[in-house]
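Peer 1: Oh and the sequence shown: position 90 is 605 in the numbering used here, straight run, nothing missing.
Ideal placement from N, C-alpha and C gives every residue a C-beta, glycine not left out.
Take this structure first; my questions come after.
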Amino acid sequence: MPVVDLLVLAGGRGRRLGGVDKGALVVEGRPLLDRVLAAAPVLGGGVVVVGRGPVPDGVRRTLEDPPDGGPVAGIAAGLDALGEEADWVAVVAVDQPGAEQALSALHAALHELVDGVDALAHTDATGHLQWLLAIYRREALAAALAQLPRVRDVSVRRLVADLAWHPVGTGAEHVGDVDTWADLADWERRTGSATMGRHRPELEG
């Protein structure tokens, strides 16, 4: 199977969660960052985390300059930090508790690709491709970044909408992010165990 680098976007501020570090949320006994990084051995390539938070020993960390530039700026910074190590790169938001399983399925689907495919991903329950849980052909992603007048405060849709996508069905049940406390509660039901890395603040109203 092709080697795939792993680029983890962990720079979000988690505003709808009261400003917590999403990577520190714990699901089934493991922080979300650790759950995403668990995909690295399967993918077989280099790893970089884009964000302020701590990372495990041996994992590269970088941050867009200036910070808080949004996910597209994070992708650009992460690609620069990785260098040209592999033809494919997985781009994943840190708030995907099922990323290890989802990425394993995407990686296994690489052998299905035909010429001209730039990226592959699952679709969610609403039929939308998961751009921030996807594997990209590095050359195509770098070219899309180069076509933008700037990378700061640019939507992911603008970056990737013109790429040639290959939807993958197997593994889609592992898709789902954590943007709100309701999302965390949903993952509690899905896994049977989810907790916070620190005490959850009391919510009013």
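Looking at V570: is its Cβ nearer than 8 angstroms to the Cβ of V551?
Peer 2: no
Peer 1: Which residue wins for smallest C-alpha separation from E543, given the options A555, A624, A657, G613?
Peer 2: G613
Peer 1: Please state the DSSP three-state secondary structure of G593.
Peer 2: Annotated three-state conformation of G593 is helix, per DSSP.
Peer 1: Give the DSSP-derived three-state secondary structure of Q616 in the structure shown.
Peer 2: DSSP, read as helix, strand or coil, puts Q616 in helix.
Peer 1: Applying the criterion that 16 or more other CB atoms from any shown protein chain within 10 Å of the CB defines a buried residue, is Q662 buried or exposed?
Peer 2: Q662 is exposed by the Cβ-count criterion.
Peer 1: Do you know offhand how far M711's Cα is from V693's?
Peer 2: With a pLDDT of only 41 at M711, under the threshold of 50, the placement of this residue in the model should not be trusted, and no figure is reported.
Peer 1: Of the residues H689, V669, V541, R653, which one's Cα is nearest the Cα of E600?
Peer 2: R653
Peer 1: Which residues in the same chain as D520 place their Cβ atom closer than 6 angstroms to its Cβ, once the five residues preceding and following it in sequence are excluded?
Peer 2: G560, G561, L597, E600, A601, V604
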